[in-house]
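Written below as structure tokens is the structure these notes are about.
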Amino acid sequence: MDGPAIALRSLTKRFKGLVAVDEIDLEIEKGELFGLLGPNGAGKSTIIKMLTTMLKPTSGSAIVWGHDVVGDRDAVRSSVGVVFQDPTVDTMLTARENLDFHGRMYGMDAKRRRQGIEEVLDLVDLSDKADVLVEEFSGGMRRRLEIARGLMHRPHVLFLDEPTLGLDSQTRRHIWQYIREMNLQEEVTVVLTTHYMEEADNLCKRVAIIDNGRIVALNSPENLKDLIGADIINLSVLEGHDDLLQALEPQGWIRSIQTSNGEVQLHVDHAQVRMPEIMTLAYRNGVGIESVSMHEPTLEDVFLKFTGRKIRAEGGAGAAARMGPWRPRR
Ligand SMILES: Nc1ncnc2c1ncn2[C@@H]1O[C@H](COP(=O)(O)OP(=O)(O)OP(=O)(O)O)[C@@H](O)[C@H]1O
Ligand SMILES: [Mg+2]
Numbered sequence: 007m008d009g010p011a012i013a014l015r016s017l018t019k020r021f022k023g024l025v026a027v028d029e030i031d032l033e034i035e036k037g038e039l040f041g042l043l044g045p046n047g048a049g050k051s052t053i054i055k056m057l058t059t060m061l062k063p064t065s066g067s068a069i070v071w072g073h074d075v076v077g078d079r080d081a082v083r084s085s086v087g088v089v090f091q092d093p094t095v096d097t098m099l100t101a102r103e104n105l106d107f108h109g110r111m112y113g114m115d116a117k118r119r120r121q122g123i124e125e126v127l128d129l130v131d132l133s134d135k136a137d138v139l140v141e142e143f144s145g146g147m148r149r150r151l152e153i154a155r156g157l158m159h160r161p162h163v164l165f166l167d168e169p170t171l172g173l174d175s176q177t178r179r180h181i182w183q184y185i186r187e188m189n190l191q192e193e194v195t196v197v198l199t200t201h202y203m204e205e206a207d208n209l210c211k212r213v214a215i216i217d218n219g220r221i222v223a224l225n226s227p228e229n230l231k232d233l234i235g236a237d238i239i240n241l242s243v244l245e246g247h248d249d250l251l252q253a254l255e256p257q258g259w260i261r262s263i264q265t266s267n268g269e270v271q272l273h274v275d276h277a278q279v280r281m282p283e284i285m286t287l288a289y290r291n292g293v294g295i296e297s298v299s300m301h302e303p304t305l306e307d308v309f310l311k312f313t314g315r316k317i318r319a320e321g322g323a324g325a326a327a328r329m330g331p332w333r334p335r336r
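In my numbering, the protein residues as written are 7 to 336.
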């Protein structure tokens, strides 16, 4: 197959009044390990559903492995594997039975199914659990089985919608390892969605940050973080919030200042060196500081920069926190 693995032109999905996916243009090359990162409701699953022919686009086009998702559904379906956000393994069957059923659906003959089952179970380290009822599997094992199933019919492109949602961090890391292996060894193009910043950062070679159905940033995690280009200092202010801002404003070495209820965030080169200076400024101006922290840029900071909001607390629920506007200084 010539050309990119995936090519989207103005891809759009409307649900009545709501624009869930808004004129997305995107190309993903063969062999990529690509991430769609965004908060709840950003439109990630809707994109995956359109690319796997489960949902019809409202307008625009999507070509997957050379096939049009509307005009050539069967060819798309046999080229892709998918693990949906909501679990779909049958818990009343064994791992082997689940995979065998999937193989039949894809018209694989008995020999290919037998061979395929062994290979994919081996890939996710579940060979010794082949004949155990899925009912008895842990959440991580079920997810691994679903990934194995997605690979059963040897797809060129594998879509993983939130592959590690709700799993503990150790299990998550194991699954990252399986995803890396199949991307490298099996040469499968992988497109995954996540709202975990560290997942996109650690796993994906390229990331599209999605917000309200649009791509707000697209690059490697490294290059995205370089956009911030400085360390980040968070100051939790007890009193004298405005005085602190006044004292900080004229300091030329501060790249930008952002505030939200009681918190002040500074982007600064060499945060370690500047820290005493900041504390002195606060002290001189009678500002009460409750706590200070600093970190190198994360994809969360990139998301904040482009949207003015946080994705959401890692692992936590709840709405995205509203932050004040971004104020670049140069
Ligand atoms: N079948 C549907 N009918 C109406 N609205 C829908 C439908 N499916 C999704 N939506 C809406 O489209 C928007 C995007 O939803 P989508 O599930 O794609 O987001 P997401 O990025 O996958 O979110 P999450 O991180 O919660 O999985 C949301 O506002 C959602 O409520
Ligand atoms: Mg989703």
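Even glycine gets a Cβ: it sits at the ideal position worked out from N, Cα and C.
Proximity to residue i [Cα-Cα], best of the options
i, options, result
"VAL194", "LEU39, MET60, LEU105, ASN104", "LEU39"
"ILE34", "ILE69, ASN46, SER65", "ILE69"
"GLU296", "TRP259, LYS316, LEU244, LEU310", "LEU244"
"GLY172", "SER266, GLY23, ARG149", "ARG149"
"GLU125", "VAL140, GLY113, LEU105, PHE90", "LEU105"
"PRO169", "MET7, VAL270, THR199", "THR199"
"THR313", "LYS211, PRO45, LEU164", "PRO45"
"LEU129", "TYR184, TYR289, ARG315, GLN252", "TYR184"
"ILE317", "THR94, MET203, GLY23", "MET203"
"PHE21", "SER262, GLY47, GLU269", "GLY47"
Other residues of its chain near residue i: CB distance less than 7 Å, five sequence neighbours each side excluded
i, result
"GLY9", "GLY72"
"THR52", "LYS19, ALA26, VAL27, LEU61"
"THR59", "VAL75, ARG79, VAL82, ARG83"
"GLU302", "ASP237"
"THR177", "GLY146"
"ASP137", "THR100, ARG102"
Any C-beta of chain B under 8 Å from that of residue i
i, result
"VAL196", "You won't find chain B in this structure, because it holds only one protein chain."
Residue i, buried or exposed, once every other Cβ within 10 Å from all chains shown has been counted against 16
i, result
"ASN189", "buried"
"VAL279", "exposed"
"ASP207", "buried"
"ASP217", "buried"
"GLN191", "exposed"
"PHE165", "buried"
"MET114", "buried"
"GLY23", "exposed"
"GLY268", "exposed"
Close-in-space but distant-in-sequence residues of the same chain around residue i (CB under 8 Å, 5 per side omitted)
i, result
"GLY109", "ARG118, ARG119, GLY122, ILE123, MET158, HIS159"
"VAL308", "ILE215, ALA223, LEU230, LYS231, LEU233, ILE234"
"SER16", "GLU29, ILE30, ASP31, SER65, GLY66, SER67"
"ASP96", "GLU103, ASN104, PHE107, VAL140"
"ASP249", "ASN291, GLY292, VAL293"
"ARG186", "LEU39, LEU209"
"TRP259", "VAL274, ASP275, ARG280"
Residues near residue i by beta carbon distance below 6 Å, same chain, minus five either side
i, result
"LYS135", "ALA101"
"ILE12", "ILE34, VAL70"
"ILE284", "none"
"SER133", "LEU127"
"GLY219", "VAL25, ALA26, VAL27, ASP28, GLY49"
Cβ distance (whole Å) where residue i is taken to contact residue j below 8 Å
i, j, result
"MET300", "ILE239", "5 Å"
"HIS201", "SER85", "Not confirmed; about 27 Å, so no contact."
"GLU152", "VAL89", "5 Å"
task: Run through the segment 79-116 for me and flag every whole beta strand (DSSP E) of 3 or more residues, listed as ranges in chain order.
output: 86-89
- request: Quick one: which unbroken alpha helix (DSSP H) runs of 4-plus residues sit fully inside the segment 8-91? Chain order, please.
  value: 50-57, 79-85
task: For the segment 197-221, list the alpha helix (DSSP H) runs that are entirely contained and at least 4 residues long, ordered along the chain.
output: 203-209
Those runs of the alpha helix (DSSP H) which lie wholly inside the segment 264-298 and span at least 4 residues: 277-290
field: Segments assigned beta strand (DSSP E), at least 3 residues, entirely inside the segment 126-170
entry: 163-167
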